[in-house]
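Working notes, beginning with the structure itself.
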Amino acid sequence: MAGRFLRACLTSTMQLRRNLTARPLHRAMATLKGIPTDEEQATGLERRALQALKLGKDPYSMLKPKEYAGTKEDPHIVPSTVNKRLVGCLCEEDNTAIVWFWLHEGPSQRCPSCGSHYKLVHHELPH
Ligand SMILES: [Zn+2]
């Protein structure tokens with residue numbers, strides 16, 4: 092009695108699943124191929140930003156304007172019109188992730204990831 096019930100249940104479940112997934116599954120896969128996921132879009136945006144940065148552009152006003160050694164004696168100079176600024180550190184060439192941290196006016200600060208020195212320098216806007 093119990094065995095018969097189980098077998099009947101399994102059979103109907105398999106039939107149901109086959110009916111449900113035959114065509115919809117195919118369509119879902121086609122959709123996934125064409126439309127990028129959120130993750131892919133975020134990665135693409137970050138990659139575009141990195142490419143722009145490497146070309147010397149600064150679309151998000153986030154990069155050090157010049158290359159310095161980044162040592163304590165020769166920190167990256169970060170101009171800012173206010174007393175703090177968000178800095179994006181590309182710790183290594185070809186790094187895919189940007190390390191963000193707030194740089195405050197005063198003594199130079201170090202990137203929490205690679206330890207490069209950054210110093211905020213007041214920059215007045217031209218009148
Ligand atoms: Zn860094």
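If you count by my numbering, then the sequence shown holds residues 92 to 218, one letter each, in order.
Just so it is clear, CB atoms sit at the ideal spot from N, CA and C, and this is done for glycine as well.
> When you compare only the Cα positions, how much space is there between E184 and L216?
Replying inline: As a working mapping, residue 184 is identified with position 93 in the sequence shown. As a working mapping, residue 216 is identified with position 125 in the sequence shown. Those two C-alpha atoms are separated by around 31 Å.
> CB of S207 to nearest heavy atom of ligand 1: below 7 Å?
Replying inline: Looking up residue 207 in the sequence shown gives position 116. S207 Cβ: within cutoff of ligand 1.
> H167 bridges to which residues according to DSSP?
Replying inline: Within the sequence shown, residue 167 is the residue found at index 76, counting from 1. Answer is Y209, bridged to H167.
>> Can you tell me whether V169 sits near ligand 1, meaning its C-beta is under 7 Å from at least one heavy atom of the ligand?
In response: Mapped onto the sequence shown, residue 169 falls at position 78. Flag unset: Cβ of V169 not near ligand 1.
> Can the beta-carbon of L194 be found closer than 8 Å to that of K163?
Replying inline: The count along the sequence shown starts at 1 and reaches residue 194 at position 103. The count along the sequence shown starts at 1 and reaches residue 163 at position 72. No. Outside cutoff.
>> On a Cα-Cα basis, can you pick out the residue from C205, K210, H213 that is closest to L181?
In response: Residue numbering aside, residue 181 sits at position 90 when the sequence shown is read from its first letter. For the residues C205, K210, H213, the minimum Cα distance to L181 belongs to C205.
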